[in-house]
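The structure appears right after this line, and notes come after that.
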Amino acid sequence: MYKGIAASRGIGIGSIVLIVEHELKYDNKKIEDTAAEKQRFEAAIEKFKTETKEMADDIRKRIGPKEAEILEGHLFMISDPTMSGEMSKMIDAGQCAESAVEAVCDMFYGMFSKMDDEMMRQRASDIADIKVSLLKILLGIEDIDISKVPKGTVLVAKDLTPSMTSQIVKENVAGIITEIGGKTSHSAILARALEIPAVLSVPNITELVKDKDSAIIDGTEGDVYINPDGDILSQYVIKREEFIRKQAELDKFKGKETVTADGTKVELFCNIGTPKDAKKAVECDGEGIGLFRSEFLFMDNNHLPTEEEQFAAYKEAVETMNGKDVIIRTLDIGGDKDIPYLEMKKEDNPFLGYRAVRYCLGNKDKYTIQLRAIMRASAFGKVKIMVPLVTCVDEIRSVKAMVEEIKKDFDSNNIDYDKNIEVGCMIETPSASLIADMLAEESDFFSIGTNDLTQYTMSVDRGNADVAYLYSTFQPSVLRSIKHIIECGVKAGIPVGMCGEAAADPLMIPLLISFGLTEYSVNPVLVLTARCIISKWSKAEADELAAKVLSLKTESEIVAALKAAAKD
Amino acid sequence: MVSQKVTVTNEQGMHMRPASVMSQKMTTFTSDVKIVFNGNTYDCKSVMMLMSACIKCGAEIEIQCDGPDEAEALKAAVEMVESGLGD
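Going down the list, the sequences are from chains S and B. Following this note's numbering, the numbering of the first sequence begins with 24 at its first residue and continues without gaps. Following this note's numbering, the numbering of the second sequence begins with 3 at its first residue and continues without gaps.
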């Protein structure tokens, strides 16, 4: 088995067509008849334009206008007077067409690849693609016509250029394997748009296979098998059926509300780490943002982000969500997350030390900047402030007092914000759980962070392999704690969410339904899966299972009971 | 020659699409159209040159037009930039 990057989900089984890279060699000699060479060059440019335009039109029809833009960009670039004009000048001076193309493309490639702007750097790969296409035309090299490969083909290539991907006929290509390219490369984006399983960046794969080898590719896990034996093949045939069946089932939940089997509506939100992830949440059908980790702004930076920088980031996410809830967790640093420029002291017990809300309340000047930025963003949608690592009532009161101060300042300076902005606690410590009834009276909402709650309740360092066996959210103590927190919130009439990994766990969901959780916040890719599982459980069934599970004394019995009851 | 300063307002700056829209429009004028940014001068009729300037949102640029239809060219260029370059 070979491993690569899982770039497009699904299982593909088929026969390999290897796309061989031609060496683009030419004789770099001085040209005497420059007029004839110029004609040859101009004919190549015309051919390139015609072919590229055909491909762009085809992609626009088959896939979409956004995907066609890459190729339309190639047309703009080659039509540019500086591009073809420079090439022409070199040919006039006696260079051959191939070397003129190469020199000018390399010059622009160098220029774009050095820019400090991600979008502009991507143009460099477009230039490289243009160069290769033009050289192939000039050298008379014909590529394999990917549009004509037979049904059940697994394409293997060093890299798929946009021009290659554009020829793919979805029905005939069972999978894609490449040697280079990542999750966000052109090939990955197109593979996902076409729903073709793809594994990218498999080392040396083009040298390990030949045409007509059989191959299995698992685009969900990033696994590739070449010439697999019968056992593996039959396993994957079953896996493929299973994937297709599940996908069809999940697709039925797109655009639907999240409701239990007996009709109780709950909220299904997403966890995100950057403003751009909000787009993903929308694409994946998330109903809001249940956890926007604000650390990225601080970690990917060499200075404390200013109020304006933070405001821009929060506003971007809020505007993307277009009026839906966006719960922003204020700075959660310390513990295992260090930020050099904050110059935090080294601690013997960082997880029990100066972190999260403790650090923020000890550095109110810095915290004020963040709270102001969040509150200004609240003018553009529905923003909530979530305070991490609360252990006592004083902490939430202090944060709320700061929020009130900022409101006064905003009012006197006519700065827009949501006057009813909610402030809630992240419940992730045993202390917060034990006083959840008190905290509920002081909070607008709760969100349970299961990762830290499990770690602190079990007194287990997740990173320590010797004790990791104790780290389970299904330990009776952790389950009791979760139940208690939810019940306290529900009793006080505030929403209770969960933003840890447990919220999307098929085994945990029936218990959460029984306990009365009102908001589930999950990784965007798990939205439909969670919605599907929630739809299968009624309160009565979940209560029955929960009663049984809570009477069990060990984690292994609990997991076994939940697995036995799981609905697939 | 006529010239005017203007601020780029579209979110992603002078990337592929805005640059091509801009250069195509400017090609319809006889005058030379140039952009001065960060002390360098770029040919506004060339999509490659426009992109190579790496002009981002919020940047102030100066547009210079020189030729028989310079006033019209400048007016069109400024309007395009101010209206967000079709983004």
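Just so it is clear, CB atoms sit at the ideal spot from N, CA and C, and this is done for glycine as well.
Per DSSP, reduced to three states, the secondary structure at Val413 of chain S is coil, with no helix or strand assignment. C-alpha of Cys56 of chain B to C-alpha of His17 of chain B: approximately 8 Å in a straight line.
Against chain B, the CB of Thr73 of chain S has no partner CB under 9 Å away; the residue lies outside that interface. The segment 152-165 of chain S makes contact with the segment 61-73 of chain S, as at least three CB pairs between them are under 8 Å. The beta carbon of Phe135 of chain S is closer than 7 Å to those of Met143, Arg144, Arg146, Ala147 and Ile150 in its chain, skipping five residues each way along the sequence.
DSSP, read as helix, strand or coil, puts Gln66 of chain B in strand. Spatial neighbours of His507 of chain S in its own chain (CB-CB distance under 7 Å, excluding positions within 5 residues in sequence) are listed in chain order as Ser456 and Ala459.
DSSP places Met521 of chain S in the uninterrupted beta strand (DSSP E) bounded by Val519 to Met521. Contact check between the segment 550-564 of chain S and the segment 382-398 of chain S: fewer than three CB pairs, one atom from each, fall below 8 Å, which does not count as touching. Interface with chain B (9 Å Cβ-Cβ cutoff): Met143 of chain S is included. Close partners of Pro518 of chain S in chain B (Cβ separation under 8 Å) are lacking, with about 33 Å as the shortest Cβ gap. By the Cβ-count criterion, Pro226 of chain S is exposed, with fewer than 16 other Cβ atoms from all chains shown falling within 10 Å of its own Cβ.
When secondary structure is reduced to three states using DSSP, Lys193 of chain S falls in the coil class, being assigned neither helix nor strand. Between Ala78 of chain B and the set B:Ser48, B:Gln26 and B:Lys58, the nearest pair of CA atoms involves B:Gln26. Between Ile114 of chain S and Ala123 of chain S a beta carbon distance of about 5 Å is seen, short of the 8 Å cut, so the two are scored as contacting.
In this structure, S:Ala463 is the residue among S:Ala463, S:Ile471 and S:Leu493 with its C-alpha nearest to the C-alpha of Ile517 of chain S. In this structure, Pro220 of chain S sits away from Arg83 of chain S, with a CB-CB distance that is not shorter than 9 Å.
Here the alpha carbons of Leu320 of chain S and Ala583 of chain S stand approximately 41 Å from one another. About 20 Å separates the Cβ atoms of Ser401 of chain S and Asp355 of chain S, ruling out a contact at the 8 Å cut-off. Look at the beta carbons and you see the segment 33-41 of chain S touching the segment 252-267 of chain S: at least three pairs across the two are nearer than 8 Å.
At a cut-off of 9 Å between C-beta atoms, Met28 of chain B does not count as an interface residue with respect to chain S. A direct Cα-to-Cα measurement between Glu95 of chain S and Met106 of chain S gives close to 16 Å. If you keep only unbroken alpha helix (DSSP H) runs of at least 4 residues inside the segment 194-269 of chain S, you get 209-217 and 228-231. Taking a cut-off of 8 Å on C-beta distances, the segment 366-375 of chain S does not touch the segment 322-333 of chain S, as fewer than three cross pairs fall below it. Proximity of Ser48 of chain B to chain S, defined by a Cβ-Cβ separation below 9 Å, is satisfied. Counting only residues of its own chain and dropping the five nearest sequence neighbours on each side, Lys571 of chain S has a CB closer than 8 Å to the CB of Ala584.
Taking C-beta separations shorter than 8 Å and ignoring five residues to either side along the sequence, the partners of Tyr132 of chain S in its chain run Ala147, Ile150, Ala151 and Lys154, following chain order. If you look at Glu84 of chain B, you'll find it in the alpha helix (DSSP H) that goes Glu72 to Glu84. Relative to the Cα of Glu465 of chain S, the nearest Cα in the group S:Thr229, S:Val416 and S:Lys26 belongs to S:Val416. As summarised for the segment 387-460 of chain S, the continuous beta strand (DSSP E) elements at least 3 residues long and confined to that stretch are 405-410 and 445-450, given in chain order.
In terms of beta-carbon proximity, Asp45 of chain B lines the interface with chain S, with at least one pair separated by less than 9 Å. Between Met449 of chain S and Thr496 of chain S, the C-beta gap is not smaller than 9 Å, which leaves the two residues out of contact. The Cβ-Cβ distance between Phe469 of chain S and Lys407 of chain S does not fall below 9 Å. Separation of the CB atoms of Val426 of chain S and Val410 of chain S is rounded to 10 Å, and the pair is thereby denied contact status at 8 Å.
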